[in-house]
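S.K.: In this note's numbering, the protein residues as written are 6 to 176.
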């Protein structure tokens, strides 16, 4: 990873150091991990529809620099996130503090890679692409794992974990 990308990622995430994750060469598993029970096709389609709408909302909010929309609509009150250095951010107030600076640095695109959807809980691996607003900086990608829970028929994120890296493109 270039020094400029590392510096931008550090500014974006408040990290002091960052290294690229090794490239992943294998394709995503076709079956549910560990044989866990899956949602019905209708429930899985509802998850996909709702979560894709959340991702588009998050992308649009980054473009508008609207941290409040991301924090209030995407994440649960007690959500948790952490990155490669293990610095946890816990709860909406802490998320809001982080996102108020992060949305000023880059626009983003969320690309689902692999997921498991149960009746009321799900997780999804994504490529989270960052496009710096400072055009002198190069785009970069995070591998992210989002966790979701369904409450009152609505999917919401309980948090995420991330590192610099990228899942391979589908064949």
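Cβ atoms here follow ideal geometry from the backbone N, Cα and C, with glycine treated the same way.
Whose CA, out of 100, 77, 120, 109, lies closest to the CA of residue 131?
M.R.: For the purposes of this step, residue 131 is identified with residue 126 of the chain shown, where counting begins at 1. Checked all of 100, 77, 120, 109; the closest Cα to residue 131 is 120.
S.K.: If you count every other CB in all the chains shown that lies within 10 Å of the CB of residue 45, and 16 or more means buried, which is it?
M.R.: Locating residue 45 in the chain shown gives position 40, counting from the first residue. Exposed.
S.K.: Going by C-alpha to C-alpha distance, which of 155, 112, 84 sits closest to residue 68?
M.R.: The sequence position of residue 68 within the chain shown is 63, counting from 1. The candidate whose alpha carbon is nearest that of residue 68 is 112.
S.K.: Rounding to the nearest angstrom, what Cα-Cα distance links residue 136 and residue 144 in this structure?
M.R.: By 1-based counting over the chain shown, the position of residue 136 is 131. By 1-based counting over the chain shown, the position of residue 144 is 139. Taking the straight line from one Cα to the other gives about 5 Å.
S.K.: Assign residue 170 to buried or exposed, taking buried as 16 or more other Cβ atoms, counted over all protein chains shown, within 10 Å of its Cβ.
M.R.: Position 165 of the chain shown, counting from 1, holds the residue named residue 170. Buried is the call here.
S.K.: Could you give the DSSP three-state label for residue 131: helix, strand or coil?
M.R.: Translated into positions along the chain shown, residue 131 becomes position 126. Residue 131: strand per DSSP, three-state reduction.
S.K.: Under a three-way DSSP split, which group does residue 49 fall into?
M.R.: Here the question's residue 49 lines up with position 44 in the chain shown. The answer is helix: DSSP assigns residue 49 an H, G or I state.
S.K.: Less than 8 Å separating the beta-carbons of residue 87 and residue 93?
M.R.: Here residue 87 refers to the residue found at position 82 when the chain shown is read from its first residue. Here residue 93 refers to the residue found at position 88 when the chain shown is read from its first residue. Yes; because the gap between Cβ atoms is below 8 Å, this pair is in contact.
S.K.: Give the range of the alpha helix (DSSP H) segment to which residue 79 is assigned.
M.R.: Residue mapping note: residue 79 aligns to position 74 of the chain shown, counting from 1. Segment 72-79, the alpha helix (DSSP H) holding residue 79.
S.K.: To which residues of the same chain is residue 167 closer than 6 Å at the C-beta, ignoring the five residues directly before and after it?
M.R.: Numbered from its first residue, the chain shown carries residue 167 at position 162. Contacts found: 88, 147, 149.
S.K.: First and last residue of the beta strand (DSSP E) that includes residue 147?
M.R.: Residue mapping note: residue 147 aligns to position 142 of the chain shown, counting from 1. From DSSP, the beta strand (DSSP E) with residue 147 extends over 145-156.
S.K.: Would you check if the distance between the CB atom of residue 104 and the CB atom of residue 72 is smaller than 8 Å?
M.R.: As a working mapping, residue 104 is identified with position 99 in the chain shown. As a working mapping, residue 72 is identified with position 67 in the chain shown. Yes, these two residues count as a Cβ contact at 8 Å.
S.K.: Just mark residue 66 as buried or exposed, buried being the case when its beta carbon has 16 or more other beta carbons within 10 Å.
M.R.: The residue you call residue 66 lines up with position 61 of the chain shown. That one is buried.
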